[in-house]
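Engineer: Supplied in structure tokens, the structure appears directly below.
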Amino acid sequence: MNITFELQQLDDLMIEHTRPPVTTMLGNKLHPLGEQMEKYIAAKEQDANDAAEIKSVFLKLKQEKPAVDAQLEKIKKEDTRFVDGLLSERGTNAGGKRLPVCPVCNIPVQIHKRMVNVMCSDSLCKWASDFPPENGRRILSRL
Ligand SMILES: [Zn+2]
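Going by this note's numbering, the first residue of the sequence shown is number 280, and it counts up by one from there.
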């Protein structure tokens with residue numbers, strides 16, 4: 280059933296079988312319904328287009344997921360990697376967690392979470408990061 284067609288037939292019947300002012304009164308009730316129906320149909324078409332786009336993106340991401348998972352597993356197995364220019368190593372004395380190491384003497388650095396500052400844990404080395412706090416936060420979040 281095509282609702283737009285049915286409404287048009289009803290309009291035609293009203294014009295054919297009623298006389299003013301009844302024709303006008305019924306038309307004033309019917310015509311807004313037609314306009315509402317057109318808006319509803321347009322919204323449904325937009326919803327269908329949105330759903331098709333979401334499905335397309337979902338299928339693309341689903342297709343990419345195995346490669347991303349494989350890359351993640353590879354990264355998890357790496358003993359060392361760089362995070363924002365700071366080498367981090369998986370430490371056995373840190374429960375298998377990554378520890379960023381000093382770029383000068385290669386021993387684990389201290390990270391002051393409150394100041395988001397990174398410095399060498401060897402007091403003789405005295406190396407300290409000179410990057411802005413947001414880099415320190417990023418390093419912490421990616422270890
Ligand atoms: Zn150092």
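Just so you know, even glycine gets a beta-carbon here, dropped at the ideal spot from N, CA and C. As the structure is a prediction and not an experimental result, all values here were calculated from the model.
Is V383 near ligand 1, with its Cβ less than 7 Å from a heavy atom?
Structural biologist: Yes - ligand 1 has a heavy atom lying nearer than 7 Å to the Cβ of V383.
Engineer: In terms of DSSP beta bridges, what is Q389 paired with?
Structural biologist: In DSSP, Q389 forms a bridge with M398.
Engineer: Give me the Cα-Cα distance between H391 and K355, rounded to the nearest whole angstrom.
Structural biologist: In a straight line, the C-alpha of H391 is about 25 Å away from that of K355.
Engineer: If contacts are defined as beta-carbon pairs under 8 Å, then S367 and L378 qualify, I think. What distance do you get, rounded to the angstrom?
Structural biologist: That belief holds up - the Cβ atoms of S367 and L378 are roughly 6 Å apart, short of 8 Å.
Engineer: Contact between the stretch 329-347 and the stretch 299-307 is defined here as three or more beta-carbon pairs at a separation below 8 Å; is this criterion met?
Structural biologist: Cβ pair count under 8 Å is below three, so no.
Engineer: Less than 8 Å separating the beta-carbons of D401 and I386?
Structural biologist: Closer than 8 Å, so yes.
Engineer: Starting from P379 and walking both ways along the beta strand (DSSP E), at which residues does that stretch end?
Structural biologist: R377 to P379 is the span of the beta strand (DSSP E), which, as asked, contains P379.
Engineer: Please indicate yes or no: does the CB of I386 lie closer than 7 Å to some heavy atom of ligand 1?
Structural biologist: It does: the Cβ of I386 is within 7 Å (strictly closer) of some heavy atom of ligand 1.
Engineer: The beta strand (DSSP E) spanning S255 covers which residue range?
Structural biologist: In the structure as shown, the chain begins at 280 and stops at 422. Residue 255 is therefore absent and cannot be evaluated.
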